[in-house]
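Protein chains in written order, with our numbering: chain R, 1 to 198; chain W, 199 to 277.
Built from N, CA and C at the ideal position, the CB exists for glycine as well.
Only one structure is covered here, and it is reproduced in the block below.
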């Protein structure tokens, strides 16, 4: 498929991104660069200096709402993308409300309990919806342990073992690998579904 | 339990996270008992039986049967 063909197909697609931190901001930018038609992004947080070791924000954006800053960055890269940005702390009900109309949902939370919450909400309430999660991305090195695994309509990207801690921080390279692996998985799903329809 | 009873005792074959598992001398087990038995110690888990979500509050109520396809996914923080 040529890039023009890929862009044309993606231009009709809507991707939901739950969280605009390390996974969400990098995944959203990758999807925006290749021309995903619409991104629906939700996060409640504010950009801080400690985020800049991995998240797609700039020093001058410290203090801004993440969804506002991310929308600005996406449009600076590709003004053709439609971005719906919600400054909200997501729960089971609001996940369904914001993301039910998306072709694919990306889980991009940092906390394990939030990852559990969105997985239970989507698998339980929207069983036909594809969810792409990121699990296991802390530390440095060991790139080969990061992979994607399919479990029904759930795709798990990451090494599934490295948990963030004081001695195992989340850093740009590994977080970026997982975020871009999520974006790549989204493309695979979106372009494949189109093949099935045609 | 006599030798005879042991020989006749049922084992249960299931698929757990895409791998075949034989549970010896077990013919009935809940999702929570399976989690404990298989030593999943992570605090946050998502469980499915035959593709259907089993919510955390239902894990003591839902039984795994012979031939079931069980997924136990553990969640760790980082993003």
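- As DSSP reads the structure, residue 218(W) sits in a beta bridge with 213(W).
- A Cβ-Cβ contact shorter than 7 angstroms links residue 15(R) with residue 186(R).
- Annotated three-state conformation of residue 40(R) is strand, per DSSP.
- Here residue 47(R) carries a coil assignment [DSSP, helix/strand/coil].
- Taking residue 138(R) as reference, the option from 127(R), 179(R) and 123(R) with the minimal CA-CA separation is 179(R).
- Counting the other Cβ atoms within 10 Å of the Cβ of residue 77(R) gives fewer than 16, which makes it exposed.
- Rounded to the nearest whole angstrom, the CA to CA distance from residue 169(R) to residue 127(R) is 33 angstroms.
- By the rule that beta-carbons nearer than 7 angstroms mark a contact, residue 141(R) does not touch chain W.
- DSSP, read as helix, strand or coil, puts residue 174(R) in helix.
- Distances from the alpha-carbon of residue 95(R) to those of 146(R), 65(R) and 40(R) put 40(R) closest.
- In the DSSP assignment, residue 149(R) falls within the beta strand (DSSP E) that extends over 147-151.
- Residue 60(R) counts as exposed, since fewer than 16 other beta carbons sit within 10 angstroms of its beta carbon.
- Residue nearest to residue 90(R) within the set 116(R), 52(R) and 10(R) is 116(R) (criterion: CA-CA distance).
- Put simply, the CB of residue 247(W) is far from chain R, with every gap to its CB atoms at 7 angstroms or more.
- Taking a contact as a CB-CB distance under 8 angstroms, the pair residue 17(R) and residue 80(R) does not count as one, their CB atoms being some 18 angstroms apart.
- Shortest Cα-Cα distance from residue 111(R) to any of 122(R), 183(R), 133(R) and 68(R) involves 133(R).
- At a cut-off of 7 angstroms, the C-beta of residue 148(R) has no neighbouring C-beta in chain W.
- Only residues of its own chain outside the window of five on either side were considered, and among them 210, 212, 227, 228, 229, 232, 247 and 268 have a CB closer than 8 angstroms to the CB of residue 262(W), listed in chain order.
- Measuring C-alpha to C-alpha distances from residue 165(R) to each of 140(R), 102(R) and 84(R) identifies 140(R) as the nearest.
- When CB distances to chain R are screened at a threshold of 7 angstroms, the residues of the stretch 247-266 of chain W falling below it are 249, 251 and 253, in chain order.
- With fewer than 16 other CB atoms across the displayed protein chains lying within 10 angstroms of its CB, residue 237(W) is exposed.
- Rounded to the nearest angstrom, the gap between the Cα atoms of residue 45(R) and residue 259(W) is 37 angstroms.
- Interface annotation, residue 244(W): in contact with chain R, CB-CB separation under 7 angstroms.
- By the CB criterion at 7 angstroms, residue 123(R) and residue 251(W) fall inside the cutoff.
- Membership of residue 93(R) in the alpha helix (DSSP H) is indicated by the continuous run 92-99.
- Here residue 200(W) is exposed: its Cβ has fewer than 16 other Cβ atoms, across all protein chains shown, within 10 Å.
- For residue 131(R), the enclosing beta strand (DSSP E) begins and ends at 130-134.
- Assigned with DSSP and collapsed to three states, residue 163(R) falls in coil, not helix or strand.
- Taking a C-beta distance under 7 angstroms as the contact criterion, residue 106(R) and residue 55(R) do not qualify as a contact pair.
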